[in-house]
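A.B. asks: The following block contains the structure, expressed as structure tokens.
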Amino acid sequence: MSALRKRWWVIAVLAAVGAGIGYYNTQSATPMYRASSEMYVSLTRGDTVGELVQGSTYTRGLVESFVQLATTPRVLDPVVEDLGLTVSSRALAGAVTADSPLNTVIIKVTAVSTDPDRAAAIANSVATHLSETVVELSPTSAEGAATVTMNVVSPAVAPLHPFSPNKKLDVATSLALGLALGFVIALVVSRLDTRVRTIKDIPTEPERAMLGVVPLDRSIRRHGGRAIVEVPHSPLAESYRRVRTNLQFLNLATPLRVVVVSSAVPNEGKTMTSINLALTMAEQGKRVLLVDADMRRASVASECGLEESAGLSTVLVGEATLEEVAQVWATPTLRVVTAGTAPPNPGQLIESEAMSAFLHRARELYDFVVVDAPPLLAVTDAAVLAHRTDGVIVVAGSSKVRRHELVEALDSLDAIEANVLGIVLNKVRRSRSAGYAYSYGSAGRKKSRARRRPSSATAVPVVPDPTAAPPPAVAWQRRGPDAGAHVAEQSAHEPPAPREPSDSPAQDTAHGAVDESAPVEPGTRTEHDVLEPGTSDERLRDEEPARG
Numbered sequence: 001m002s003a004l005r006k007r008w009w010v011i012a013v014l015a016a017v018g019a020g021i022g023y024y025n026t027q028s029a030t031p032m033y034r035a036s037s038e039m040y041v042s043l044t045r046g047d048t049v050g051e052l053v054q055g056s057t058y059t060r061g062l063v064e065s066f067v068q069l070a071t072t073p074r075v076l077d078p079v080v081e082d083l084g085l086t087v088s089s090r091a092l093a094g095a096v097t098a099d100s101p102l103n104t105v106i107i108k109v110t111a112v113s114t115d116p117d118r119a120a121a122i123a124n125s126v127a128t129h130l131s132e133t134v135v136e137l138s139p140t141s142a143e144g145a146a147t148v149t150m151n152v153v154s155p156a157v158a159p160l161h162p163f164s165p166n167k168k169l170d171v172a173t174s175l176a177l178g179l180a181l182g183f184v185i186a187l188v189v190s191r192l193d194t195r196v197r198t199i200k201d202i203p204t205e206p207e208r209a210m211l212g213v214v215p216l217d218r219s220i221r222r223h224g225g226r227a228i229v230e231v232p233h234s235p236l237a238e239s240y241r242r243v244r245t246n247l248q249f250l251n252l253a254t255p256l257r258v259v260v261v262s263s264a265v266p267n268e269g270k271t272m273t274s275i276n277l278a279l280t281m282a283e284q285g286k287r288v289l290l291v292d293a294d295m296r297r298a299s300v301a302s303e304c305g306l307e308e309s310a311g312l313s314t315v316l317v318g319e320a321t322l323e324e325v326a327q328v329w330a331t332p333t334l335r336v337v338t339a340g341t342a343p344p345n346p347g348q349l350i351e352s353e354a355m356s357a358f359l360h361r362a363r364e365l366y367d368f369v370v371v372d373a374p375p376l377l378a379v380t381d382a383a384v385l386a387h388r389t390d391g392v393i394v395v396a397g398s399s400k401v402r403r404h405e406l407v408e409a410l411d412s413l414d415a416i417e418a419n420v421l422g423i424v425l426n427k428v429r430r431s432r433s434a435g436y437a438y439s440y441g442s443a444g445r446k447k448s449r450a451r452r453r454p455s456s457a458t459a460v461p462v463v464p465d466p467t468a469a470p471p472p473a474v475a476w477q478r479r480g481p482d483a484g485a486h487v488a489e490q491s492a493h494e495p496p497a498p499r500e501p502s503d504s505p506a507q508d509t510a511h512g513a514v515d516e517s518a519p520v521e522p523g524t525r526t527e528h529d530v531l532e533p534g535t536s537d538e539r540l541r542d543e544e545p546a547r548g
């Protein structure tokens with residue numbers, strides 16, 4: 001039934017087409033009229049009861065022969081001549097039928113014509129000439145009289161309405177045929193269409209962790225990689241934070257440091273998943289590195305609006321170091337290494353020792369590293385990277401990847417014993433649950449916007465406690481006008497200060513991460529309010545009401 005619900009429009013269209021064809025046929029068809037004449041067959045003699053019974057049985061036996069006689073040329077030739085018809089008796093036989101109800105001596109002659117008067121005239125003329133023919137062919141008595149007679153008991157009259165076409169019946173029949181055809185096509189297409197659309201379509205053997213479901217959101221087109229930064233409370237942003245949370249709690253004993261993000265086929269959204277996963281990790285105050293390892297079809301630089309001339313390929317050929325090519329983007333704790341200039345041998349560079357050294361150095365400098373890799377079924381780069389890192393996240397694009405392609409990609413990872421961390425179902429169309437999340441997020445923004453509006457009530461001065469210690473400074477504290485340029489210059493040449501990674505996600509708040517569940521005091525800066533280098537206080541104040 002789910003397959004039929006998905007393709008209800010196919011059934012509806014074919015049903016409408018069927019009904020339309022039926023209606024058109026009824027309008028274009030020629031009206032046909034039908035008239036009938038009934039005759040009674042009897043014997044002319046029979047004095048005793050026994051003779052009458054025998055005569056009745058004898059007559060019923062003759063009736064079947066008389067029915068066949070009604071469409072013979074001996075009966076129809078005189079009809080054509082009397083009515084002046086322009087058709088032959090053979091053609092007229094196709095418009096005349098005769099039958100007799102079971103166990104009766106009544107013969108019913110029916111004629112069909114495009115003219116109601118002509119139909120009645122033909123039926124009556126056939127009845128008359130059939131009676132004459134029966135008398136001529138029946139045995140005679142000793143006196144020379146016919147022993148069998150046929151009398152018209154119900155002459156034909158001109159019908160008032162055509163019997164064909166039956167508009168209601170024809171339209172209903174065409175509608176039913178269209179519905180049946182639609183059902184068949186929908187079922188066949190559902191059998192042939194194996195694209196993954198919902199969680200139910202994800203392969204269950206072997207069991208994989210479902211890290212999250214990301215909705216199809218138009219803000220991606222407007223804001224690109226900065227969608228969750230520009231609209232931090234949207235369902236899209238919350239879905240990526242859910243992926244981050246599920247990923248962090250996969251293994252509390254050994255936190256993940258370097259993960260690969262890939263997909264089975266292109267255009268499933270792996271690059272956007274990599275970017276947003278890196279952003280959500282940076283929201284917690286972690287030092288995060290995003291690496292574009294898809295040197296064949298690099299897209300991180302274009303999505304983030306970064307320089308692409310120097311990047312991963314530059315480091316792997318020995319012309320630069322990781323620290324020199326890493327670019328600050330979106331937040332001070334996030335660095336991005338683009339793919340760089342496309343090399344002639346990207347596969348060899350991925351498998352080289354230089355790539356291993358690059359990943360080792362990234363572990364030393366950053367708390368979390370996200371590697372955007374090529375599709376698994378296109379090349380082997382993603383499988384090689386998955387084997388050298390802590391695990392791989394497989395992105396499944398809803399309505400983009402087929403079930404057998406996803407199974408093949410997962411099997412290729414299992415073959416090299418890679419750690420498949422889980423699956424992210426991406427670009428899922430909004431459902432009722434997504435609509436609820438959207439309403440919840442919108443309400444949250446309205447409430448937080450209302451809290452930031454100045455109250456019309458008289459402000460009550462707050463007297464500070466002289467014995468209280470000053471609040472600790474944080475990395476995203478509001479700075480002076482020239483502080484932004486200083487941060488940008490320092491960030492461009494130096495990686496974030498190293499620190500020991502936390503043993504569990506719960507310890508992130510100890511390293512400057514903001515606890516999302518804790519209440520936020522009015523005026524307090526959160527990880528969503530990070531100032532980009534060069535952002536002034538006046539611009540921040542102008543943008544706050546719009547960001548909500």
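Going by the UniProt record's numbering, 222 is the number at position 222 of the sequence shown; the sequence numbering is gapless.
All residues carry an ideal CB built from backbone N, CA and C; glycine is no exception.
For clarity, every value in this text was computed on a predicted model and none was experimentally measured.
(1) Is the distance from the Cβ of residue 621 to the Cβ of Val-258 below 8 Å?
(2) Which term fits Asn-267, buried or exposed, when burial requires 16 or more other beta carbons within 10 angstroms of its beta carbon?
(3) Would the stretch 105-113 count as touching the stretch 124-144 if we require 3 or more Cβ pairs under 8 Å?
(4) Taking contact to mean 3 or more Cβ pairs, one atom from each stretch, closer than 8 Å, check whether the stretch 182-200 and the stretch 59-73 are in contact.
(5) Under a three-way DSSP split, which group does Asp-217 fall into?
(6) Give me the residue from Val-394, Leu-349, Ile-11 and Ser-352 with the minimum Cα distance to Leu-179.
(7) Using CA coordinates, which residue listed in Ala-342, Ala-298 and Val-291 is at the minimum distance from Asn-329?
(8) Using the three-state DSSP reduction, which class does Pro-165 fall into: helix, strand or coil?
(9) Just mark Tyr-58 as buried or exposed, buried being the case when its beta carbon has 16 or more other beta carbons within 10 Å.
(10) Count the other CB atoms within 10 Å of the CB of Asp-367; is the residue buried (16 or more) or exposed (fewer)?
(11) Tell me whether Glu-353 sits in a helix, a strand or coil according to DSSP, three-state version.
(12) Starting from Gly-397, follow the beta strand (DSSP E) in both directions and report where the run begins and ends.
(13) With a threshold of 8 Å, are at least 3 pairs of Cβ atoms found where one atom belongs to the stretch 179-188 and the other to the stretch 390-405?
(14) With three or more beta-carbon pairs closer than 8 Å as the criterion, would you say the stretch 12-23 touches the stretch 167-184?
(15) For the beta strand (DSSP E) containing Ser-138, name the first residue and the last one.
(16) Do you know whose CA, among Glu-81, Ala-93 and Glu-38, lies nearest Val-157's CA?
(17) Spell out the partners DSSP gives Ile-423 in its beta bridges.
(18) Can you name the start and end residues of the beta strand (DSSP E) that Val-288 belongs to?
(19) Tell me whether Ala-119, by its Cβ, gets closer than 7 Å to a heavy atom of the ligand GTP.
(20) For the candidate residues Ala-119, Val-407, Val-105 and Thr-86, whose alpha-carbon lies nearest to that of Thr-97?
(21) For Arg-297, tell me which candidate among Val-379, Glu-323, Thr-245 and Lys-200 has the shortest Cα-Cα distance.
(22) Contact defined as beta carbons within less than 8 Å: I believe Ser-274 pairs with Pro-374. What is the distance between those atoms, to the nearest angstrom?
(23) Spell out the partners DSSP gives Ala-111 in its beta bridges.
(24) On the three-state DSSP scale, how would you describe Ser-234?
(25) So, using beta-carbon positions, are Ser-42 and Val-105 closer together than 8 Å?
(26) Name the two residues that bound the continuous beta strand (DSSP E) containing Arg-335.
(27) According to the neighbour-count rule (16 or more other Cβ atoms, all chains shown, within 10 Å of its Cβ), is Asp-82 buried or exposed?
(28) Among Arg-34, Gly-84 and Pro-155, which one has its Cα closest to the Cα of Tyr-40?
(29) Buried or exposed: where does Asn-151 fall if 16 or more other Cβ atoms within 10 Å of its Cβ makes it buried?
(30) Assuming Leu-250 and Leu-421 are in contact, meaning their beta carbons sit under 8 Å apart, how far apart are those beta carbons, in whole angstroms?
(31) Between which residues of its own chain and Gly-224 is the CB-CB distance below 8 Å, once the five residues before and five after are set aside?
(32) Considering only residues of the same chain and omitting the five flanking positions on each side of Arg-452, which have a CB-CB separation below 6 Å?
(33) Beta-carbon within less than 7 Å of Ala-310's beta-carbon, same chain only, minus the 5 sequence neighbours each way: which residues are those?
(34) Grab the span of the beta strand (DSSP E) containing Val-196 for me, first residue to last.
(35) If you measure between the beta carbons of Leu-289 and Val-337, is that distance less than 8 Å?
(36) Note down, in chain order, each residue of its chain lying with its Cβ closer than 6 Å to the Cβ of Pro-162, except the 5 sequence neighbours on either side.
C.D. replies: Put simply:
(1) Outside the displayed range of the chain (1 to 548) lies residue 621, so it cannot be described from this structure.
(2) exposed
(3) yes
(4) Three or more beta-carbon pairs separated by less than 8 Å are not found between the stretch 182-200 and the stretch 59-73, which leaves the two stretches without contact.
(5) Here Asp-217 sits in coil by DSSP.
(6) Ile-11
(7) Here residue 329 turns out to be Trp, not Asn, going by the sequence shown. Closest option to Trp-329, Cα to Cα, is Val-291.
(8) coil
(9) Around the beta carbon of Tyr-58, fewer than 16 other beta carbons sit within 10 angstroms, so the residue counts as exposed.
(10) Under this definition Asp-367 is a buried residue.
(11) Glu-353 falls in the helix class under three-state DSSP.
(12) 391-397
(13) no
(14) yes
(15) For Ser-138, no beta strand (DSSP E) run applies, since DSSP gives it neither H nor E.
(16) Of Glu-81, Ala-93 and Glu-38, the residue nearest in Cα terms is Glu-38.
(17) Met-210 and Val-394
(18) 288-292
(19) As for the ligand GTP, it is missing from this structure, which has no ligand bound.
(20) Ala-119
(21) Closest by alpha carbon: Val-379.
(22) Not quite, the Cβ-Cβ distance comes to about 12 Å (not below 8 Å), so this is no contact.
(23) Ala-35 and Val-96
(24) coil
(25) yes
(26) Element bounds for Arg-335: 331-337.
(27) exposed
(28) Pro-155
(29) With fewer than 16 other Cβ atoms within 10 Å, it is exposed.
(30) 6 Å
(31) Cβ-Cβ distances below 8 Å link Gly-224 to Glu-303, Cys-304 and Gly-305 in the same chain, with the five nearest sequence neighbours on each side left out; the list follows chain order.
(32) Caution is warranted here: a pLDDT of 41 is assigned to Arg-452, below 50, making its placement in the model unreliable, and no coordinate value can be reported.
(33) Ala-320, Val-325 and Gly-340
(34) Segment: none, Val-196 is in no beta strand (DSSP E) and carries neither H nor E.
(35) yes
(36) Pro-31, Met-32 and Tyr-33
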